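What follows is a single structure, written as structure tokens, with notes after it.
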Amino acid sequence: MAEHATSSKLERKQSLYQSLDERFEIQNEKYGGQQYSQIYFARLHYMRSVLYSLIPNWKPQLPVCTILELEEGKECIIVGTIYKHMKLKPCILDEYSKERSTVPIVKPHNFMHPDDHLVLEDESGRVKLSGDVLSPSTFVTGIVVALHGKETDAGDFLVLDILEAGLAPQIELSLDSREEKYVVFVSGLSVGDNSSNPLHFQLLVDHITGHLGDEKEQAIASQIVRVVIVGDSVEIPHGILNGQNLGSKELSRLSEPTKELDIFITQLAAAVPLDIMPGPNDPANFSLPQQSLHRCLFPGASTYNTFTSCTNPHLFELDGVSFLGTSGQNVDDLEKYSDAKDKLEFMERQLRWRHIAPTAPNTLECYPFTDRDPFFMESCPHVYFVGNQNKYESRLLKGSEGQIVRLICIPKFCKTGVAVALNLRNLECHTLSFSINLEM
Amino acid sequence: MDGAGTLDILSETQALVSDKLQVVSYKWASRNFLMSSNDAKRMLQELVEQHGSELEVVYVLSGWLKKSPPAYHIMLTSVLKLSEVIKEFEDNCSIQIYSVQACIPKDPATFWNYEFVQAEELFDQLATEENCLWDNRFCGVSNSFVKRNATGPSPIVAPPQTKNTVTIASSKSSGAPTPGIQQQLHGKVQQTSPKTGPSTAALASTVKSETSNSEANDQDGKSLADNGKATSVPGSKKNVQAEKSSSATGSLSNLWGRASAKAKPSPPAETMAHNLTVDMADAQIHVHEATGATSSDDEASDINYKRSSNGEGSRKRRVIIDFSDEENDEDAVNLASPDPPKRKSGQDSDHPISNSDIEKSKVNLATRKEDQLKIKEEKKTGKEPSPSSKEDQTVRDKSKNSGISLSVKTPSLIPVDSANQTCKVNEASSNSPKRRKILKTRIDDRGREVTEVVWDEEEVQNKNTDERSTIIDASAKRPPAVKKFPALPSNAPSNPLGKSGVKKTGKAAGTKDPKQGNILSFFKKVCLNENYITGCRYGIPEHFLQYMYGPMLTFLHIGLGTKPDDSTRVGSPDSGGGSGRVDKNKESGQNNSTVGYRVGFRV
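Going down the list, the sequences are from chains F and H. For the first sequence, full-length UniProt numbering assigns the number 1 to the initial residue and increments by one for each residue that follows. For the second sequence, full-length UniProt numbering assigns the number 1 to the initial residue and increments by one for each residue that follows.
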């Protein structure tokens, strides 16, 4: 029987994996009181070189000048970093202001206000932007753009046209000769959370590992070549932590969820290559780029060669398909300070701005890099995924130079029971959903 | 699967479900009955066909949903809902039994609970064991590329333990190539026993008994430790040669340097290392026990302290402390012990090589082993030089007491060796003070007086503090820092001579005392137990201990008195053993240093 069973076993497909997380690793850097200005400087430096290369094709006749060189009425192009002045943006100084009552009440979902306006900065100075072309609601602080316009009487810069960097160049994919292989994304497992049903995750694990279902389903499972856990895998019971030493009982309660997660992903790692990214609620550093979860959290899973603990913006290649993804902080932050019809639009904008976290370090916590801006997108990924969203969304974005990007919003698994499977052959997506329907 | 087996499993499952009201899922069954999950599903199907009326069945439906964004859906459902739910799926969905139970639980997590408990059990099994959780063997999809490295260094323990592991690794690595020596050692011991006379014989026998008594684990550990010792043998030889031909420090430093170099690159195999440490500690304990039992009551108590610490060492973290303890203990003992040369030389061996604590600790380990080895060697070879078995014994005793120091070796060796050696030894000794208290360069002139000045209480204190601070500074240094504290307790209570205790305290400065008390209290119980055990096990009568103890004293006195040059300064050599000398701050320091110096000249 055993021989029969083994002989009839399906063999899982393999794919070539290359982690490119290096740029997100804070290796030996130490915080020495450095300021955030250097990130903005690096960003402006990178982006300006990109934009300067595009301007000749855009408006070759116009002069490019710095903000200090602006002359009233003279049309020109200026390149700089946008700063969005927001009335409602929380400010630490507000707490000390005596006129607090004059500040309008913040809307529940974000800090937008009709009076918000944009300012453009470069090394030489800053200028307030006006005009209808540029709608403040779509932009956030930290984006580098080129603006065509002229200075008005009031000293504003009247914007006539905008040039964004656009999608970064992309390595072309030959999708024809590929075979069916799937990558499964799951986010927001929140193991240990009361609201999550561990049975859902167990079913997902059983499906992926090839326990569940008949031969047909296991054939599908055998095409899964990698599982990516996109943040917020574990819900640490913070209530236990009260700043005092914990008893052994509390300690074990504290570590229980992590162990449970380890048991789950040990089963996964025993069957399929696995990436685990930290998320906003995971036991990792808080600021982006979040460093990989320590392997000691996973004494079981980390013994497998298939287990990879990776950074939060996670960049990797699978059979030549490049993936870039975050655990959702960057999109969530954009949502607080700008407006869009869905999450995918935020993601699309980030790709067009060539920056996955423009609001860092302004409103999104990030490490004060001094020599680089790791969130700058040098090349366009084929798959851009964001975790911990409320619902599943996906779209194929096509760039002006033939770039094709699959955008995926991965919902929280603990809330929805939905994971996402991506077909490497054609970048098509489908959900893997789980439900329990037992009411009598 | 043969029919009979299937029947058994079926009936068992049936019993589980109906009698124990357990939820039996296919996966639980597959793990429980060690069958593939597909077989388990078939088995459950069979069960349902036979006893369907008595069971509630939960099915798992999986397939593509009909709605527009393509979705592969997996759903658990009961029979009642099955027909209704199946409409949402495309036609070719698969329906399989997920679980059988007496009644459907209200909380769906119950389904998962049984499986999870089972998985947790498997998970908690030894990482090195193979089970169906680790290798996922019962699934329908195999992945031959999955590799599991269960024995590899587990990241959890490694970081804190690095220091430990390093030291152990070094000893181990060096020890590994010379397995044969271990046997030699035993052989030596046996050989020596007749030569050295009754006392030594008793010792040897105790040692043997120790080995024989020790449990299997201990023996393993011992063998390992022996290996370590064995490694030390060449080292010791080297040392001897070095003393003969050149300054001991050079060769030693080479030796240590090599060891350290090895140790650092070697990846800490966590479990192995741990075992090693424990084992080594055990082995050391054994030796100490043997020696301690013979030497004297007080000493025994001292040793007991050590032992207790060692015993503590069986816990992972403690190991470090133990070593450190021992080192300190030994230092303390050295201080305490009437003959200064020992101390100096020992420190020589330690200090010149490396300032870093790690290295020190290594050195200590190695030296300890060396000492033991040497003791044995000396027993063996001891005959030819005039020194009687008595001296050997004393040497041995000292060595055991002090454990670490090469100096022990030197006195015994010196008589054997020629005058040249002594000269070199002198050099070494002159160097030694330098190392001891690095700050003093004046020593070079051979001005022993200068060295003596180093020993002043205040200065010593300063140095101590300095040392400690440096230790703390060096990141890994925690263990060494710990060292000092434990060291004191052992000294103060244990030292029969009393001298050592006083000196120690002087040297250690007031800071240590409170801690010492704590640690003492901490170890006390253990010590008592250990004492009791040693007494019982070896059945060594008290008078015998005294007998052992006596010769050592005499030897020490003789040693002190022998040197003509320094004797003047030393004052009364006879009183050297007395505590009175210790009390003088500077004077005592001078004495010590001079004594250390003298060692070289003796003979």
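By construction, the Cβ of each residue, glycine as well, lies at the ideal position given by its N, Cα and C atoms. Given the structure is predicted, the values throughout are model-derived calculations rather than measurements.
For the segment 224–289 of chain F, the full-length beta strand (DSSP E) segments reaching 3 residues or more read 224–230 and 274–277 along the chain. For I410 of chain F, no alpha helix (DSSP H) segment is defined; the enclosing uninterrupted segment is the beta strand (DSSP E) at I404 to P411. Proximity of chain F to S142 of chain H at the Cβ level (cut-off 9 Å) is accounted for by T6, K9, L10, E11, R12, G210, S222 and A271, in chain order.
For F316 of chain F, the closest alpha carbon among the candidates F:A146, F:H382 and F:P56 is that of F:H382.
One alpha carbon belongs to G192 of chain F, the other to A270 of chain F, and they sit about 22 Å apart. Residues of chain F whose Cβ lies closer than 8 Å to the Cβ of M75 of chain H are, in chain order, F434, S435, I436 and N437. At a cut-off of 8 Å, the C-beta of Y72 of chain H has a neighbouring C-beta in chain F.
The Cβ neighbour count for S292 of chain F, taken over all protein chains shown within 10 Å, is at least 16; the residue is labelled buried.
Within chain H, the residues placing a beta-carbon under 8 Å from that of P198 of chain F are A109, W112 and F116, ordered along the chain. By the Cβ-count criterion, C91 of chain F is exposed, with fewer than 16 other Cβ atoms from all chains shown falling within 10 Å of its own Cβ. Going by DSSP, Y367 of chain F is part of no beta strand (DSSP E) at all; its letter is neither H nor E. Listed by position along chain F, the residues whose Cβ is nearer than 8 Å to that of K67 of chain H form an empty set, because the closest Cβ is around 10 Å away. With its beta carbon at least 8 Å from every one in chain H, K30 of chain F lies outside the interface. A Cβ of chain H is located within less than 8 Å of the beta carbon of E217 of chain F.
Contact between the segment 113–127 of chain H and the segment 12–29 of chain H is present: 3 or more CB-CB pairs across the two stretches fall below 8 Å.
A residue is called buried once 16 or more other Cβ atoms fall within 10 Å of its Cβ, and L167 of chain F is buried on that count.
Assignment of beta-bridge partners to G63 of chain H by DSSP yields H:H73. The segment 124–135 of chain F makes no contact with the segment 16–31 of chain F, as fewer than three CB pairs between them are under 8 Å.
For Y304 of chain F, the nearest CB of chain H lies under 8 Å from its own CB, placing it at the interface with that chain. When Cβ pairs closer than 8 Å are counted between the two stretches, the segment 19–27 of chain F is seen not to touch the segment 134–143 of chain F, the count staying below three.
Within the same chain, L163 come within 7 Å of W58 of chain F by CB-CB distance, once the 5 residues on both sides are set aside. Residues of the UniProt domain "DNA polymerase delta subunit OB-fold" (35–162) of chain F whose Cβ lies closer than 8 Å to any Cβ of chain H: none. The shortest C-alpha to C-alpha distance from F323 of chain F to any of F:R406, F:L88 and F:L334 is the one to F:R406. Taking a C-beta distance under 8 Å as the contact criterion, G63 of chain H and Q218 of chain F do not qualify as a contact pair. Listed by position along chain H, the residues whose Cβ is nearer than 7 Å to that of D193 of chain F form an empty set, because the closest Cβ is around 12 Å away. In this model, Y46 of chain F and F157 of chain F are separated by some 24 Å (Cα to Cα).
Contact check for F185 of chain F against V420 of chain F passes: the beta carbons are separated by less than 8 Å.
CA-CA distance, C409 of chain F to L422 of chain F, rounds to 12 Å. Setting aside the 5 residues that flank it on each side, I104 of chain H is surrounded in the same chain by E56, V58 and S78, each with a C-beta closer than 8 Å to its C-beta; the list follows chain order. Rounded to whole angstroms, G387 of chain F and E348 of chain F show a C-alpha spacing of 15 Å. Contact with chain H is found for T266 of chain F, since one of that chain's Cβ atoms lies less than 8 Å from the residue's Cβ. Assignment of beta-bridge partners to F434 of chain F by DSSP yields H:I74. In this structure, DSSP gives I104 of chain H a state outside helix and strand, which the three-state scheme calls coil. The beta-carbon of N149 of chain H is placed less than 8 Å from the nearest beta-carbon of chain F.
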